[in-house]
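Notes follow once the structure below has been shown.
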Amino acid sequence: MSHSAMGNHTTLTDFIFLGFSDVPDLQEFLFGMFLIIYLVILMGNSLIIIITQVDPSLQTPMYFFLGNFSFLEICYVSVTVPRLLTDLCRQNRSISFLACAVQMYFFLVFGATECFILTAMAYDRYVAICNPLLYPLIMNSRLCIHLAAGCWSTGIPVHIGFTYLIFSLPFCGSTQLNHFFCDIPPILQLACGDTFAIEILVYVISVLVVTIPFMLILGSYVKIISTILKLPTAAGRAKAFSTCSSHLVVVALFFGSGIITYLRPKSSHSTGMDKFLSLFYTIVTPMFNPIIYCLRNKDVLVALKKFLPKWIVL
68 MSHSAMGNHT TLTDFIFLGF SDVPDLQEFL FGMFLIIYLV ILMGNSLIII ITQVDPSLQT
128 PMYFFLGNFS FLEICYVSVT VPRLLTDLCR QNRSISFLAC AVQMYFFLVF GATECFILTA
188 MAYDRYVAIC NPLLYPLIMN SRLCIHLAAG CWSTGIPVHI GFTYLIFSLP FCGSTQLNHF
248 FCDIPPILQL ACGDTFAIEI LVYVISVLVV TIPFMLILGS YVKIISTILK LPTAAGRAKA
308 FSTCSSHLVV VALFFGSGII TYLRPKSSHS TGMDKFLSLF YTIVTPMFNP IIYCLRNKDV
368 LVALKKFLPK WIVL
């Protein structure tokens with residue numbers, strides 16, 4: 068660890084993840100569990116990407132966004148889980164300043180993209196249910212590609228500046244990061260000097276990236292549900308709601324844990340709780356996505372039944 072004296076400040080070159088070192092007896096169990104979850108996420112989401120590409124009945128805007136979402140989930144978990152798995156197997160858990168900044172940057176960008184794609188998916192369901200006759204006209208392939216491109220690119224410039232600001236804070240004293248990846252709250256705890264301006268910025272960006280998309284999704288669902296309730300037959304209502312229910316479950320899981328983590332007051336942050344919530348939105352939600360979409364969605368189930376036997380025979 069190189070330290071250069073600068074008055075009271077020392078320049079740190081790396082952080083040390085504490086991760087789950089407070090439960091030494093559980094390291095092997097946690098490694099096994101996270102490895103299985105990671106493999107489930109990779110295989111489940113890859114399967115969704117493949118079937119939405121090869122099955123003609125899934126060549127619709129809804130599944131175009133689902134394919135994008137599944138690819139995003141693979142990127143999102145790959146920012147944190149491989150590093151977590153290697154840390155569970157070794158004693159030296161240090162991460163360089165630069166690697167930490169890069170990890171935080173990609174984690175924030177993919178997290179923001181996830182919020183935006185979930186919003187685009189809600190808009191797609193809104194148009195499908197509230198304007199079914201205009202649906203093919205509104206959700207044309209050009210709009211879908213533009214929406215997806217916007218979702219993927221919007222977070223990139225914002226988070227370059229944001230990550231730079233966080234890592235240009237002075238860090239002194241402890242190098243121990245009581246977390247399993249470089250997330251904002253644990254990094255800010257190690258910064259010395261005044262972090263008030265950055266904390267305000269965290270709130271502002273959280274509102275733009277998390278709260279506004281969440282409100283747009285809620286607004287879409289208020290209109291969707293009121294439209295569904297007006298449908299004349301119970302079968303029609305059930306069918307309309309079944310196309311939205313999987314998306315609604317995913318939204319509740321992802322946004323719920325994200326909002327609690329980033330928007331609750333600093334005084335109520337406890338490290339154990341932060342780690343648990345982080346596990347929820349970094350690992351648990353991405354694992355549930357393919358399961359929720361495959362089990363709750365008849366079209367995906369039918370496509371899987373057609374696709375898997377061919378694949379197994381090969």
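Heads up: the sequence shown begins at 68 in our numbering, then just goes up one per residue. Glycine residues also receive a C-beta, built at the ideal position from the N, C-alpha and C atoms. None of the values given here were measured: they were computed from a predicted structure.
Secondary structure at residue 248, three-state DSSP: helix, strand or coil?
Walking along the sequence shown from the start, residue 248 turns up at place 181. In the structure shown, residue 248 sits in coil (DSSP, three-state: anything other than H, G, I, E or B).
Could you check which residue in 192, 148, 175 and 83 has the C-alpha nearest to that of residue 131?
Working through the sequence shown from its first residue, we reach residue 131 at position 64. Cα-wise, what sits closest to residue 131 is 192.
Considering only C-alpha positions, which residue in the set 126, 93, 137 and 81 is nearest to residue 358?
The count along the sequence shown starts at 1 and reaches residue 358 at position 291. For residue 358, the closest of 126, 93, 137 and 81 by C-alpha to C-alpha distance is 137.
CA-to-CA distance, residue 145 to residue 168, given in whole angstroms
Residue numbering aside, residue 168 sits at position 101 when the sequence shown is read from its first letter. Residue numbering aside, residue 145 sits at position 78 when the sequence shown is read from its first letter. Straight across, the Cα-Cα distance linking residue 168 with residue 145 is about 16 Å.
Pick helix, strand or coil for residue 235, following the three-state DSSP scheme.
Counting from 1 along the sequence shown, the entry for residue 235 is found at position 168. DSSP places residue 235 in coil when its eight states are reduced to three.
Leaving aside the five residues before and after residue 201 along the sequence, list all residues of the same chain whose C-beta is less than 6 Å from its C-beta, in chain order.
Within the sequence shown, residue 201 is the residue found at index 134, counting from 1. Cβ neighbours of residue 201 beyond the five flanking positions: none.
I think residue 296 touches residue 230, with their Cβ atoms under 8 Å apart; what is that distance to the nearest whole Å?
The residue given as residue 296 occupies position 229 in the sequence shown. The residue given as residue 230 occupies position 163 in the sequence shown. Between residue 296 and residue 230 the beta-carbon gap is near 44 Å, outside 8 Å, which marks them as no contact.
For residue 302 and residue 150, the rounded distance between their alpha carbons
Start at 1 with the first residue of the sequence shown, and residue 150 comes out as number 83. Start at 1 with the first residue of the sequence shown, and residue 302 comes out as number 235. Rounded to the nearest angstrom, the two C-alpha atoms are 47 Å apart.
Continuous beta strand (DSSP E) assignments of at least 3 residues falling wholly in the stretch 90-135:
Unbroken beta strand (DSSP E) runs of no fewer than 3 residues, entirely contained in the stretch 90-135, are not found.
Going by DSSP in three states, residue 263 sits in which element: helix, strand or coil?
Position 196 of the sequence shown, counted from the start, is the residue given in the question as residue 263. Helix, per DSSP.
Taking 6 Å as the limit between beta carbons, can you name the residues of its chain near residue 281, skipping five residues before and five after?
As a first step, residue 281 is located in the sequence shown; it is residue number 214 there, counting from the start. Cβ within range, chain order: 322.
Just the C-alpha distance for residue 309 and residue 364, rounded to the nearest angstrom, thanks.
In the sequence shown, counting from the first residue as 1, residue 309 sits at position 242. In the sequence shown, counting from the first residue as 1, residue 364 sits at position 297. Roughly 7 Å between the two C-alpha positions.
Alpha-carbon spacing of residue 361 relative to residue 235, whole angstroms
Indexing the sequence shown from 1 puts residue 361 at position 294. Indexing the sequence shown from 1 puts residue 235 at position 168. Between the C-alpha atoms of residue 361 and residue 235 there is a straight-line separation of about 44 Å.
Tell me the residue span of the alpha helix (DSSP H) that contains residue 184.
Reading the sequence shown from its first residue, position 117 is the one you call residue 184. Run containing residue 184: 164-197, per the alpha helix (DSSP H) assignment.
Mark residue 69 as exposed unless 16 or more other C-beta atoms lie within 10 angstroms of its C-beta, in which case mark it buried.
Stepping through the sequence shown from its first residue, residue 69 is reached at position 2. Bear in mind that a pLDDT of 41 at residue 69, under 50, signals an unreliable position, so the number given afterwards is only what the model happens to contain. Residue 69 is exposed by the Cβ-count criterion.
Using only alpha-carbon positions, find the residue among 116, 246 and 142 that is nearest to residue 86.
On the sequence shown, residue 86 is found 19 positions in, with the first residue counted as 1. 246 is the residue among 116, 246 and 142 whose C-alpha sits nearest the C-alpha of residue 86.
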